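Here's the structure we're looking at; comments come further down.
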DNA sequence: ACCGTAAATTAGCCTTACCTAAATTACGGT
DNA sequence: ACCGTAATTTAGGTAAGGCTAATTTACGGT
């Protein structure tokens, strides 16, 4: 009679709350009312009310005045939504001419109305990718996620070659600046030179050299090429 | 300050009501409360309530106890939704392996969450089709529709060649039966023989002959090949 | 002209999901 | 140990969009 067994459809709002709470929980601490409210651009009392409903539905556990933690059911529901979101993003970029800076909004709406079947067909058309265009891992249908440990480009020693995995910002101007060097997720770069004291980093990207500031280099999360994907 | 000028987003419910009313209005009479309720599987009082809200928003005109007629704004909104629906259906059939009998449900949900941009990209990927997989005309972005006059296969004289445009049913068993002869919208058929008194009709489809009963032949709406598409 | 039935509307109620204003709780600093 | 502030919750309200039960209206048949 609970949410997981009946698989009763969740509302848009509920899916958005679960996604937000999942994201906030990744820091290791319980998600607080205020953080959730801020993330979803809602008032704190609205969040308090929804928390009560979600905990009655068994999707999360609430310690009053402390915060919330997703239950297993809640985490699975969140991951289902995140899988939908990331596959939609990947599909729109691969087949319908979207840029990785602009897909987010479209996916945000579609993730709530798409059937499981459509998602699996899109995934198939994409060759069952493991990462979305931003480099975020796509959860499996069973709810498992490969959470990789990424290293910021700013911490990679000179001489090493890495693959860009993720640009850790959603600010369009930064994304555009980064994209202008060809530094998309999946791009392989070699660190040519690294100046100390948060100094500039020289990287080689597809035969060309670029010099990046420390602030930008911190945003570029990298993995050794043989890991993942 | 009205719906058309502000282009304020309509809710799912509102879009569904407008679509239903548009469909019912095509018979020439105003749509009645009962018909709308039946179409949307809602109670009559719910429809009464929504009619009041929609008429306050200027999307339709209501003569109490008589019925409703869409305003220009209302009709445009309905056609935008119908365009979305039909392009989505066409796209899913063309690119994601959906059958024309099964797309409807998926499109029904997606039509409400898809952006104008995504629709136009899908339309482009399809080569801006004028008909969906069921043979229904796709309204243009400006809200114009080519309403063609179709003739049921049961009324085409023997000897003539026509193109199937539309199967006028949504019952999956009939659609499957029809599809089993290869009689999809777009298919060209020649009427070989036509028995009187609602008798069977012999048609030639792609080199093969099939005999159809009157009931099925009535559902198959046809056009001369040179018209449309 | 009337009367019964079917259609439509009104009355009254519910849930979801938002809001603001007011009350409560937790916690860091003296 | 207390006190102020910030976070949280409670109280109370709104709009959308459903519902059932009761009422009102329109209309066809005699």
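Chains as they are written, first to last, in my numbering: chain A, 1 to 229; chain B, 1001 to 1229. Ideal Cβ placement from N, Cα and C applies to all residues, glycine included. Bear in mind the structure is a predicted one, so any value in this text is a computation, not a measurement.
#### Entry: Cβ-based burial, residue 1155 of chain B [other Cβ within 10 Å; buried from 16]
exposed
### Task
Report the partner residues of residue 171 of chain A according to the DSSP bridge assignment.
In DSSP, residue 171 of chain A forms no bridge with anything.
### Task
Within 10 angstroms of the Cβ of residue 1065 of chain B, are there 16 or more other Cβ atoms? Answer buried if so, exposed if not.
exposed
#### Entry: Residues of its chain near residue 1199 of chain B, where Cβ-Cβ distance is below 8 angstroms and the 5 sequence neighbours each way are ignored
1214
### Task
Identify which residue in B:1026, B:1038 and B:1206 has its Cα closest to the Cα of residue 1079 of chain B.
B:1026
### Task
Starting from the N-terminal side, write out each stretch of the beta strand (DSSP E) that is 3 residues or longer and does not extend beyond the stretch 1177–1217 of chain B.
1188–1194, 1201–1205 and 1208–1212
### Query
Is any beta-carbon of chain B found at less than 7 angstroms from that of residue 80 of chain A?
no
### Query
Quick check: the stretch 1175–1183 of chain B against the stretch 1193–1212 of chain B, are there 3 or more CB pairs under 8 angstroms?
yes
### Query
Taking residue 38 of chain A as the reference, which of A:52, A:28 and A:23 has the closest Cα?
A:23
### Task
Within its chain, find whatever has a CB closer than 8 angstroms to the CB of residue 1031 of chain B; leave out the 5 residues flanking it on each side and keep chain order.
1020, 1021, 1024, 1025, 1067, 1068 and 1069
#### Entry: Pick from B:1071, B:1045 and B:1063 that is closest to residue 1057 of chain B, judged by C-alpha positions
B:1071
### Query
Short check: CB of residue 157 of chain A to CB of residue 146 of chain A, under 7 angstroms?
no
#### Entry: Backbone CA spacing between residue 204 of chain A and residue 1144 of chain B [nearest angstrom]
53 angstroms
### Query
Closer than 7 angstroms, CB to CB, is residue 116 of chain A near chain B or not?
no
### Task
Could you have a look at residue 134 of chain A and say whether DSSP puts it in helix, strand or coil?
coil
### Query
Tell me which same chain residues have a C-beta within less than 6 angstroms of the C-beta of residue 218 of chain A, skipping the five on either side of it?
152 and 154
### Task
Taking all protein chains shown into account, decide if residue 1230 of chain B is buried (16 or more other Cβ within 10 angstroms of its Cβ) or exposed.
What is shown of chain B runs 1001 to 1229, which leaves residue 1230 of chain B out entirely.
### Query
Where does the unbroken alpha helix (DSSP H) through residue 1067 of chain B begin, and where does it stop?
That residue, residue 1067 of chain B, is in no alpha helix (DSSP H); its beta strand (DSSP E) goes 1067–1070.
#### Entry: Alpha carbon of residue 174 of chain A to alpha carbon of residue 216 of chain A, nearest angstrom
8 angstroms
### Query
Can you find a C-beta in chain B that's less than 7 angstroms from the C-beta of residue 113 of chain A?
yes
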